[in-house]
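And the structure:
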């Protein structure tokens, strides 16, 4: 491997550094600065925290996280196809297209059922989407 | 490059998957009446059944083919699996329909999961590659894990789902390790081998995948440790799914905890799919090593029969009784497999007719004890004949069939299975099974005595039979009696349902 | 000493055994669940090692499928465990004893 092969990596590195530096400098110059002691606190509002909270908190986005795991892993098959897509020809395109279509269908279903808006409490979601009959149980 | 792409080999799966996709999209977009879900699911199931019949016409009786790069087989065996599983799914859906409608919008998901499980079950029977078999097994099992815990209004349903899931996942991992060891020992994952596949290996080596069977036929393995461990783990993993003892511990809890309307399918489809997979792997891929696995299968069968019968004797809940009796039945069915390919026709007869009986029995239990409920104590069946003659007749005939009384399918099934095992030289197993069958009479007939000869208590409710489960139970009972009286045509038919 | 595929398969066997004993001995649903994952990954290691040993690609391809199936299993399993946890505020299977089968 000659030094030339490292040139793209070096350019990439420089570009990355430049991007980070420019972003930091820009925000420094453009944003208004008006610091008060409260603003520099780790918790900006409310009383001064005495200790870190130890109790569990609801993980509202666990549904989104689980959907992510599924979709994330399914992408593996796209890699396998992409490596050999020329040899696989139209057959491969059709197969992977069908596969992607099924993934999209899953996404549409999850979206429509409200599984992706993670800002609702789990109980609300349960009542609203998952089990409308729970309303009667609660009543 | 891509080889045989015979769509017919996976046509039933395509039909069911399409039905699921349409069903979910229609449900989430239009929120239609449950009747619409039922219609879509019905079309899917009927289409899948018809396509299985096409497969049968095309491939039954020895001729068969490998499709999709040696992943799927089209043969009489897989066609028969479809012709058993899909009608079974239809019957289960009909008898569990009240549960589906009670679930409101989640009912659509329930129907979809049931269809996916049926597709997975058929795929298990049609797989020609062990990894394909694993995927099919998981499609099937994961759908059932969710179904088992579907009624969340009851505490023991999610308990059942969790137990089913943990032990099922454990069994899947054991099965998969068996596959990996078999791969390490034979260098192939293919049950049949596909000589048309040539792979350019990493170092430019051209290699034909001859398949496990061809490798074992042509090679003398000097150190068979890996191979034997692989076979053992495979049998254990699939033994879990078919509730063979001592791998049955999950079944009583799951059968009792799962929503009543769905338990029948849970129990029946696991038997059909599990035994189909077991039969194909053992008789085709490992057919040359029958001397290695047949004794192990015989011992598992014996343990299942004895343990299942003894534990069923002590139960006071009909679902627990059915769960333990299903362990015994798993033993009876395994009895046929010790005969190798000669026992496959008998296995089909037993497993298909038993599956119909199980759906009918759990269907009655669901009506008597409620579609969402788990428990179903025997005391609630006292005097059922007076309260609901129809349900009592259905359950009575089902019990007679499970006990193996002549003129029911259970008798013919036992006869076929025991003959195969006796011909293969496992007389001790047959005698043990016969003794256990006689002991089993006690708990089956006890249900009939309770229903017909005990007074009904004053506060007992009269169960209401909805029309869809009525039709399903009627069909199941009629099939049990008719096939039991004239079984010959089916037995002849099943001789064409061997793996090719 | 060179590390041959046999060593990897031995390691996988050990990992699989650890996972299996985790299922049988531990009583926390989450830990049991992790043990299942350990077992599946031990199988993956076996597949890769055996494939390498035999100079066959099937082993590595199998791992793809096992990973995907394992992910699906994770999602369903976690959903079931969350449902159980919500109801009882515990993930210990010992307290799941409403049924005595």
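Residue numbers (this note's numbering), protein chains in the order written: chain A, 981 to 1119; chain B, 453 to 952; chain C, 186 to 286.
All C-beta atoms, glycine included, are put in the ideal place defined by N, C-alpha and C.
For residue 253 (chain C), the neighbours in chain A by C-beta distance under 8 Å run, in chain order, 1053, 1054, 1056 and 1057. The Cβ atoms of residue 577 (chain B) and residue 518 (chain B) lie no closer than 8 Å to each other. By the Cβ criterion, the region 707-715 of chain B is not in contact with the region 761-768 of chain B, since fewer than three pairs of Cβ atoms, one from each stretch, lie closer than 8 Å.
A distance below 8 Å between beta-carbons, with the five flanking residues on each side excluded, links residue 921 (chain B) to the following residues of its chain, in chain order: 546, 547, 548, 549, 550, 815, 818 and 819. Taking a C-beta cut-off of 8 Å against chain A, the contacting residues of the region 470-485 of chain B are 473, 476, 477, 480 and 481, listed in chain order. Not one beta carbon of chain C lies nearer than 8 Å to the beta carbon of residue 779 (chain B).
Under the Cβ criterion (8 Å, minimum of three pairs), the region 798-805 of chain B does not count as touching the region 701-708 of chain B. For residue 498 (chain B) and residue 204 (chain C), the gap between their C-alpha atoms comes out near 43 Å.
For residue 781 (chain B), the CB contacts under 6 Å within the same chain, skipping 5 residues up- and downstream, are 806 in chain order. The beta-bridge partner set that DSSP reports for residue 519 (chain B) consists of B:524.
Just so you know, the alpha carbons of residue 890 (chain B) and residue 207 (chain C) end up roughly 41 Å apart.
With a contact defined as Cβ atoms closer than 8 Å, residue 510 (chain B) and residue 522 (chain B) miss out at about 18 Å. If the five residues before and after residue 761 (chain B) are omitted, its C-beta is found closer than 7 Å to the C-beta atoms of 780, 888, 891 and 892, all from its own chain and listed in chain order. Each residue's CA atom was taken as its position, placing residue 935 (chain B) and residue 528 (chain B) some 20 Å apart. One finds 1049, 1050 and 1053 in chain A with Cβ atoms closer than 7 Å to the Cβ of residue 256 (chain C), taken in chain order. Ranked by Cα distance from residue 694 (chain B), the first of B:731, B:666 and B:667 is B:731. With contacts defined as CB atoms closer than 8 Å, residue 1090 (chain A) and residue 1047 (chain A) qualify as a contacting pair.
Here residue 458 (chain B) carries a coil assignment [DSSP, helix/strand/coil]. Counting other Cβ atoms within 10 Å of its Cβ, residue 485 (chain B) stays below 16 and is therefore classed as exposed. Shortest Cα-Cα distance from residue 614 (chain B) to any of C:255, C:213, C:199 and C:189 involves C:213. Inclusion of residue 1044 (chain A) and residue 259 (chain C) in the CB contact set at 8 Å is not warranted, their separation being larger than that value. Under the three-state reduction of DSSP, residue 911 (chain B) is assigned to coil, being neither helix nor strand. Counting only Cβ-Cβ distances below 7 Å, residue 259 (chain C) has contacts in chain A at 1049, in chain order. Residue 829 (chain B) carries a strand assignment under DSSP once its states are collapsed to helix, strand and coil.
For residue 217 (chain C), the nearest beta carbon of chain B is closer than 8 Å to its own beta carbon. Taking a cut-off of 8 Å for Cβ pairs, the region 608-627 of chain B and the region 744-758 of chain B do not touch, as fewer than three such pairs fall below it. Of all residues in the region 1060-1091 of chain A, only 1067, 1068, 1069, 1071, 1082, 1085, 1088 and 1089 place a beta-carbon less than 8 Å from a beta-carbon of chain B.
Cβ-Cβ separation between residue 734 (chain B) and residue 228 (chain C): approximately 21 Å, too far for a contact (criterion under 8 Å).
Counting only Cβ-Cβ distances below 7 Å, residue 263 (chain C) has contacts in chain A at 1046, in chain order. Three or more beta-carbon pairs separated by less than 8 Å link the region 839-851 of chain B to the region 901-916 of chain B, which places the two stretches in contact.
Boundaries of the alpha helix (DSSP H) harbouring residue 266 (chain C): 243-273, taken from the DSSP string. Distance from residue 860 (chain B) to residue 933 (chain B) at the Cβ level is roughly 7 Å; contact confirmed, criterion being Cβ atoms closer than 8 Å. Residues of the same chain with a CB within less than 8 Å of the CB of residue 476 (chain B), apart from the 5 flanking positions on each side, are 560, 561 and 564 in chain order. With distances taken between CA atoms, residue 897 (chain B) lies nearest to B:833 out of B:833, B:493 and B:755.
Distance check between residue 241 (chain C) and each of B:641, B:495 and B:553 places B:641 closest, using alpha-carbon atoms only. In this structure, residue 637 (chain B) places its C-beta atom within 8 Å of the C-beta atom of residue 682 (chain B).
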